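In full-length UniProt numbering, the protein residues as written are 1 to 200.
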């Protein structure tokens, strides 16, 4: 327990815990809405998804940019945390990699609107990009290395290259679009193409 919490009352500790929990629910809801409707989705849609009042959203995030940045960071952390969990929860490391990349696609689709939303703050965008690389390249690398060590995928690919390839497959994807292009399927084919040949 922190020094701040040592002097706190049980009631204040509960309130802070409730506030953190509500913020997590809100960020999960916002991420889900951004994936299906884009970062310009109405706040009322996010509020309905989170089963919260619009005022609660604005108390946590006074501007849309605040909310978008928080969702971005929330998704990055969720992806970083998912890598070891997927490795422990599926039968093969290649399956863990495929599952993680599927979640990564959701993140990439949401990320498309970030540059536009932050176009007035280029330095802030660069900071987020560095944060993205610092957290997610090692996560992806851990999955790749496990699959390579298990002989399940080829060895001539690195995490950053794979993430760039997935990003290229997601370029131009319209949130909620009806073009028939399925980024999840295309990235799935990319992962299938990494499968190690039995004769290798």
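All C-beta atoms in this analysis are idealised placements derived from N, C-alpha and C, irrespective of residue type, glycine included. Just so it is clear, the structure is predicted and the values come from calculations on it, not from any experiment.
Check, Outcome
"Considering Cα atoms alone, identify which of 89, 79, 94, 128 is closest to residue 105.", "79"
"Could you tell me how far apart the beta carbons of residue 92 and residue 150 are, in whole angstroms, since I believe they sit closer than 8 Å?", "7 Å"
"Could you tell me the distance, in whole angstroms, from the CA atom of residue 219 to the CA atom of residue 14?", "The structure shown does not extend to residue 219, since the chain is modelled only from 1 through 200, so no value can be given for it."
"Does the distance from the C-beta atom of residue 146 to that of residue 159 stay below 9 Å?", "no"
"Comparing C-alpha positions only, which one of 47, 11, 29 sits nearest to residue 72?", "29"
"Can you give the Cα-Cα distance for residue 109 and residue 17, rounded to whole angstroms?", "31 Å"
"Residues in its own chain within less than 8 Å of residue 100 by CB, not counting five upstream and five downstream?", "79, 82, 83, 86, 139, 140, 143"
"Roughly how many angstroms separate the alpha carbons of residue 181 and residue 12, rounded to a whole number?", "49 Å"
"Taking the alpha-carbon positions, what's the residue 67 to residue 61 distance?", "5 Å"
"Mind checking which residues open and close the alpha helix (DSSP H) that includes residue 192?", "183 to 192"
"Please classify residue 88 as buried or exposed, where buried requires at least 16 neighbouring CB atoms within 10 angstroms.", "exposed"
"Return the Cβ separation of residue 57 and residue 26 in integer angstroms, given the expectation that the two are a contact with Cβ distance under 8 Å.", "6 Å"
"Residues in its own chain within less than 7 Å of residue 90 by CB, not counting five upstream and five downstream?", "96, 99"
"Quick one, are the C-beta atoms of residue 206 and residue 185 less than 9 Å apart?", "Beyond the ends of the chain as shown, which are 1 and 200, falls residue 206; an answer cannot be given."
"Here's the rule: buried if 16 or more other CB atoms are within 10 angstroms of the residue's CB, otherwise exposed. What is residue 126?", "exposed"
"DSSP has residue 135 in a bridge; who is on the other side?", "None, per the DSSP bridge assignment."
"Have a look at 69, 76, 43 and flag the residue whose alpha-carbon is nearest the alpha-carbon of residue 135.", "76"
"Measure the beta-carbon distance from residue 169 to residue 187 and round it to whole angstroms, keeping in mind my assumption that it falls under 8 Å.", "6 Å"
"Please classify residue 20 as buried or exposed, where buried requires at least 16 neighbouring CB atoms within 10 angstroms.", "exposed"
"Between residue 132 and the rest of its own chain, which residues show a CB-CB distance below 7 Å, the 5 nearest in sequence each way excluded?", "76"
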